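So the protein sequences, as listed, match chains D, X and W. All letters in the first sequence, in the order written, are residues 1 to 375 by the working numbering. All letters in the second sequence, in the order written, are residues 1001 to 1289 by the working numbering. All letters in the third sequence, in the order written, are residues 2001 to 2237 by the working numbering. In this text, a Cβ means the ideal position worked out from N, Cα and C, and glycines have one as well. These numbers come from a predicted model, not from an experiment. Before any comments, here is the structure.
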Amino acid sequence: MIMKKKNNSQFFAFVRKEFYHIFRDVRTMLVIIGIPVIQILLIGFAISTEVKNVEVAVYDPSNDEVTNRIINQMDASEYFNVTRRLKSANEADEVFKKGQTGLVVVFCEGFGERLYHTGDAAIQLLIDASDPNHGTTVSSYAGSVIAGYQQELLQETNVPVRINPEIRMLYNPEMRSAYNFVPGLMGMIFMLVCAMMTSVAIVREKESGTMEVLLVSPVKPIYVVISKLVPYFIISWVIFIIILLLSVFVLGVPISGSLVWLNIFALIFIIVALSLGLLISTVVKTQVAAILASGMGLIMPVMILSGYVFPIESMPPILQWISGIIPARWFVSGAKKLIIEGVPVRFVLKEMLILLGMAILIITVSLRNIKTRLE
Amino acid sequence: MKDDVTIINCQLINKAQALKDVSFEVKKGEIFGLIGPDGAGKTTLFRILTSLISADSGQATVDGLDVATDFRELRKHIGYMPGRFSLYQDLSVEENLQFFATIFNTTVEENYYLIQDIYKQIEPFKRRRAGKLSGGMKQKLALSCALIHKPVVLFLDEPTTGVDPVSRKEFWEMLKKLKTEGVTIVVSTPYMDEAQLCDRIALIQHGKILSVETPEKIIAGFPKKLYQAHSENNYLLLLEVRKNPEVKSAFMSGEYLHIVFNGEADETVPNLKEIGPSIEDCFVYLIEN
Amino acid sequence: MIIKIDNLTKCFGDFTAVDHITFSVGKGEIFGFLGANGAGKTTAMRMFCGLSKPTSGEGRVAGYDIAKQPEMVKKNIGYMSQKFSLYEDLKVWENIRLFAGIYGLDGKQISRKTDITLKRIGLMNEKNTLVKELPLGWKQKLAFSVAIFHEPKIVFLDEPTGGVDPIARRQFWEMIYEAAEKGITVFVTTHYMDEAEYCNRVSIMVDGRIKVLDTPGRLKDRFHAKNMDEVFRQLAR
C-alpha cells in the first residue's frame, strides 16, 4: 500500500514536471494554441455570407411575356443584376470563366406556352459554387424570386402552375464548404501537439542525458513515458474544445451530431496520435530527427492525404489506398459526419473501430519498443 | 562474500569501449575510484554496473543483485550521475531538487543534511530557473541532485570535470559524509589529487584493470627512485636530460622535471633531488610500462 | 608587452562581471588565468579576444586595441577551447586546411606546413583520419597545433586539458613550452591547480577582480601553502 502511494506520488511528480516544461516554453505554447485560432479566423474571413448584385446571364430562347417578367423581377431584386443575354446555352461556361457572372438562368424553349398549357415548365439555374456558401445563398434567393412569380401567377390566373428550377452547382459539385476544413484542421493540430510535441519531449531527455538517470531510478520506464503523454492528452483535448467553440461561434458551423460522441471520437484519435509520437520517440535519438520524422512522416501526409486539402474521392486509386493507413483520414471522415452531416453515431462506427484498432496496434508496438536499457 | 559491488569476469566487446576481463570487488562503505585515460572504458563500466547496458559475457553483482537479471530490484538501491548529466533547464533550482528526490523515493527534507553545505550556497536562488544559473552554481545544483537520495551504492561518472577546485573540495567533503552514512561510492575522475582521496583505486586502461590498490600502496609500489630537477628554462633542460641514455623517463611536472633513471642518478643535472612519487607519477609509470 | 590591460570593466546591467582588472603579459610568457566558475574568467577572455566590447577601460592585445580594432586582434591571436576546437566529421588535414585558410594562409604554405606539423606531433599516419576517431588527448594536441598554425603572437587556451588523462596532459604542456620557446605568448585557463605550477606567472580572479598575480613559487611562499591548490582555496573561499 505504501509502495503504491509512493509510485503514485512519483507519477504525479513527473506529470507536474512535464506541465512545467510546457507552460514555461511560452513561445511553443502560443504557437500550439495560436495555430488553430488563426486558422479558424482565416477560414471565417474567407467565407462570405453576404450576397448582393450578383451578375446574372440569361439564355431565353422563348423570349415571351412570362420569361420577360421573371427576368425583370430578378433584375429588380437587390440581389441580382441581369447583365447579359446569351445566344446559346453553351455560352454559360464561357461567361462563368470570365469571372463576373455568378448565376446563369436557362429557360426551356416555349417556356410561357408550356407553362400555360401543361402547367409545368423547366428552368435551369447554373450557379458558380466555387465558394459553396455563396453558391447556396444565390440558389436560395433565385429560387425565392421564381417562387414569388409563381405565387403572383396563381393569384392572377387562378391556374395552378409549377415552375421546376433545376439547380446545378458548378465547379464544386460536392459542395465542399469551408466547414470541411474544421475536421482536417483538428487532425493536423492533434498530430502537431500529440505526435510531434510528445516525441520531442521524450527525445529531449535522451539528448540531455537525464534519461540515463531516470532509467537508473526506481521509476519504471513505462511510467516515465506515460507521464509525458498525460499533459499532451489534456492539452489536445483543450485545443479540441477551443476549435469546437470557435467553429460554432465564429464560423457558425452548426454542430448537428452528438457532442458526447464527437468528444469520444476525438479522444480516440488523440490517443492514436499520442501513440504515434511515442513510437517515434522510441526509434529516433535526437530532437531534430523527431521533428523531421513527425513532420514529414505524420503532418505532411495528414495535409495531403487525409482529405484536408485534397478530396480523397478525386485521388488516384493508389493514393486512396495509401490514405487508408493514415489515421487522420478516418478521423476527418468521421468528424465530418458527426459535425456537418450530424448523422447518428452508428454511421461512424467503421471509422471509430479502425482508429481503435490502430491505437491498440501502435501502442503495443511502441510499448514493446520502450527499452529498460540504453542499447 | 557480501561485498557491495562484485565484478567477476565482465567482458564487453564493443569497438573502442571494449572491456576485457574486468574483475574487481568493492567493499561496503568504501570510496572506490576508477582512474584511467579518456576512452579506457570507465563510462561503459558504469553503464554495465547501473544496468543501463549489458555485458557480452561475465557476471556482475551490485549489493548482491545481478546487474543483468535483477535490474528492477537493483535500480531501487543505486544512484547514478552520468558524465554529461544535465539538469532540467526550465525548472527552478528547488523544483529540480524536489523532482530528483521524488523519483528516488525520498524527500528533500529527509536527506537535506547530506547536501546542505553545498545547497545552502545556491539556496538564495532557489526560485531561479536552472538554465539561468552561472556555471558554478549549476554544478553545485547537479551535485546536490545526485546526492539527495541516499542510495546503497552511488555511481558517479566524472562528477567534478570542469568544476573549480573549491567546489571540488566541497564535493569530496560531501562524499566523505555519505561514506560515514554507510553509502558505498564508485567514482571516476581524471584528477589525480582526487584519486588520493579514495579508499582504493583501480587504474584502468584500454578496457583492462592494471591494478586495484589503496593510494598508499600504489605509491609504495613505485619501483624506482624518482628525482626532481629544475633550471632557469625547464623546457631546454628537459630536451637536454632526454638526450642522456641513463634517463628512463623525464617529464615536466609543474615547476619541476620529474626524472627516473635506469641505473644511478646523473648528479650533473641541476638541482637534482630525490622525492616521493605522487599518484600521478605512479599512474604515468604504470601506463607507460 | 603582448597583452596590456588597463582598468578593464564589463557590466551586464547592475552586475559587474569584470571589475577594473589591470595586468600585462610579455612575449613568450606562459600566463595562467585562474578563477572559480563564475569568477568572470570567460567574460574577460571574450574581451581579450575582441569578441565582447568592454564597458570601460582599455586593453591592447598583440598591439591592437581590443575595443577599437577587434578584427585586427582576431587576426593576430590563436584560440582553442575545450568545448569547441575541431570539426569532428572532417579529416585531420581538412581541419588544418580549413583553419589555416580562415587565417588567410595560401594553399602552398598550408600543405608544406601541414606535413611539418603532423610529423612533429606524431600524427602523420592519421592525416586522413576523421577527427572524431582520434583519442581525446590526440585531439587536444592537434587542436593546439591548429591554433598556432598561423604563427600568432599569442594563443588563448580555455581549459584546454579538461577531461584529459595525466600522460596526455604532460605531453600537452611540453607542446606549450615548445611554443613559448618559439616566442608565442600562451594565455591559459585551467581548473587543474597542478597545471597552474607549469605557468611562469598566474593570476587568480575572484568576483570579477584579480586578487593576486605572481609566480607560482612566490604565491606559495606568501600563502605558506605547499601547492597552488591550497593558495587557490585560501583566496577563493
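Length of the line joining the Cα atoms of residue i and residue j
i	j	result
residue 2075/W	residue 2181/W	22 Å
residue 126/D	residue 105/D	6 Å
residue 2223/W	residue 1165/X	17 Å
residue 320/D	residue 107/D	40 Å
residue 1289/X	residue 1249/X	11 Å
residue 290/D	residue 1281/X	48 Å
residue 37/D	residue 28/D	14 Å
residue 88/D	residue 252/D	40 Å
residue 295/D	residue 288/D	10 Å
residue 1237/X	residue 1045/X	41 Å
residue 282/D	residue 1036/X	33 Å
residue 1190/X	residue 1210/X	16 Å
residue 336/D	residue 309/D	14 Å
residue 184/D	residue 306/D	7 Å
residue 349/D	residue 227/D	30 Å
residue 1082/X	residue 1093/X	19 Å
residue 2005/W	residue 1090/X	38 Å
Interface residues of chain W facing residue i [CB-CB closer than 9 Å]
i	result
residue 1139/X	2037
Beta-carbon proximity list for residue i, same chain, < 7 Å, skipping 5 on both sides
i	result
residue 2099/W	2146 and 2149
residue 355/D	268, 269, 272, 327, 330 and 331
residue 254/D	none
residue 1277/X	1219, 1222 and 1226
residue 345/D	258 and 261
Cβ-based neighbour list, residue i, same chain, cut-off 6 Å, excluding 5 preceding and 5 following
i	result
residue 2056/W	2009
residue 2211/W	2204 and 2235
residue 2029/W	2185 and 2200
residue 2230/W	none
For residue i, three-class secondary structure by DSSP
i	result
residue 2205/W	strand
residue 294/D	helix
residue 1122/X	helix
residue 1962/W	The structure shown does not extend to residue 1962/W, since chain W spans only 2001 to 2237, so no value can be given for it.
residue 167/D	strand
residue 3/D	With a pLDDT of 49 at residue 3/D, under the threshold of 50, the modelled position of this residue cannot be trusted; read the value that follows with caution. Of the three classes helix, strand and coil, the one that applies to residue 3/D here is helix, per DSSP.
residue 41/D	helix
residue 2021/W	strand
residue 1140/X	helix
residue 1178/X	helix
residue 359/D	helix
residue 1186/X	strand
residue 2088/W	coil
Sequence-distant residues of its chain with Cβ nearer than 8 Å to residue i (five each side left out)
i	result
residue 71/D	58, 60, 82 and 105
residue 2192/W	2161 and 2169
Residue i: CB within 6 Å of a non-hydrogen atom of the ligand SAM
i	result
residue 241/D	Only the bare structure without any ligand can be found here, which leaves the ligand SAM out of the picture.
7 Å Cβ cut-off: residues of chain W touching residue i
i	result
residue 1287/X	2167
Amino acids of chain X, ordered along the chain, whose beta-carbon sits closer than 8 Å to that of residue i
i	result
residue 13/D	1098, 1099, 1102 and 1103
residue 2194/W	1192, 1193, 1253, 1254 and 1280
Proximal chain X residues relative to residue i, where beta-carbon distance stays under 9 Å
i	result
residue 350/D	Those do not exist, as residue 350/D stays about 42 Å from chain X at its closest Cβ, beyond 9 Å.
residue 2229/W	1165, 1169 and 1193
Amino acids of chain D, ordered along the chain, whose beta-carbon sits closer than 7 Å to that of residue i
i	result
residue 1065/X	Near residue 1065/X there are no residues of chain D at all, since even the closest Cβ is about 13 Å away, more than 7 Å.
residue 1211/X	Ordered by position in chain D, no residue passes the 7 Å Cβ test against residue 1211/X, which lies about 28 Å from the chain.
Cross-chain neighbours of residue i in chain D, by beta carbon under 9 Å
i	result
residue 1051/X	215, 216, 372 and 373
Per-residue contacts from residue i into chain W (C-beta, under 8 Å)
i	result
residue 1161/X	2162 and 2163
Partner residues on chain D for residue i, Cβ-Cβ distance less than 8 Å
i	result
residue 1090/X	20, 21, 24 and 25
residue 1095/X	17 and 20
Beta-carbon neighbours of residue i, restricted to chain X and to distances below 7 Å
i	result
residue 39/D	What residue 39/D touches in chain X: nothing, since even the nearest Cβ is about 28 Å away.
residue 2070/W	Per Cβ cutoff of 7 Å: no residues; residue 2070/W is ~25 Å from chain X at best.
For the structure I just gave you, are there three or more beta carbon pairs, one from the region 323 to 332 of chain D and one from the region 352 to 369 of chain D, closer than 8 Å?
With a cut-off of 8 Å on Cβ pairs, the region 323 to 332 of chain D is in contact with the region 352 to 369 of chain D, counting three or more such pairs.
With a cut-off of 8 Å, do at least 3 Cβ pairs link the region 1153 to 1160 of chain X to the region 1208 to 1221 of chain X?
Segments in contact, no.
Okay, do the region 2182 to 2197 of chain W and the region 2152 to 2159 of chain W touch, 3+ Cβ pairs below 8 Å being the bar?
With the cut-off at 8 Å, the region 2182 to 2197 of chain W and the region 2152 to 2159 of chain W touch.
Counting Cβ pairs closer than 8 Å, one from the region 2121 to 2133 of chain W and one from the region 1026 to 1037 of chain X, do we hit at least three?
Contact fails: fewer than three Cβ-Cβ distances are below 8 Å.
Three Cβ pairs or more, each shorter than 8 Å: is that satisfied between the region 1049 to 1059 of chain X and the region 1124 to 1143 of chain X?
Cβ pair count under 8 Å is below three, so no.
Examine the Cβ distances between the region 220 to 238 of chain D and the region 61 to 70 of chain D and report whether three or more of them are shorter than 8 Å.
Output reads no: the region 61 to 70 of chain D does not touch the region 220 to 238 of chain D.
With three or more C-beta pairs closer than 8 Å as the rule, is the region 160 to 170 of chain D touching the region 109 to 128 of chain D?
In the pairwise beta carbon analysis, the region 109 to 128 of chain D is classified as touching the region 160 to 170 of chain D: at least three pairs are separated by under 8 Å.
Could you check whether the region 2014 to 2023 of chain W touches the region 1138 to 1155 of chain X, counting it as contact only if at least three pairs of C-beta atoms, one from each stretch, sit closer than 8 Å?
Counting Cβ pairs under 8 Å, fewer than three are found: no touch.
The region 232 to 240 of chain D contacting the region 298 to 318 of chain D, beta-carbon criterion three pairs below 8 Å
Because the criterion of three Cβ pairs below 8 Å is not met, the region 232 to 240 of chain D and the region 298 to 318 of chain D do not touch.
Pair every Cβ in the region 2061 to 2073 of chain W with every Cβ in the region 2040 to 2052 of chain W, then say whether three or more of these pairs are closer than 8 Å.
Taking a contact to require three or more Cβ pairs closer than 8 Å, the region 2061 to 2073 of chain W and the region 2040 to 2052 of chain W qualify as touching.
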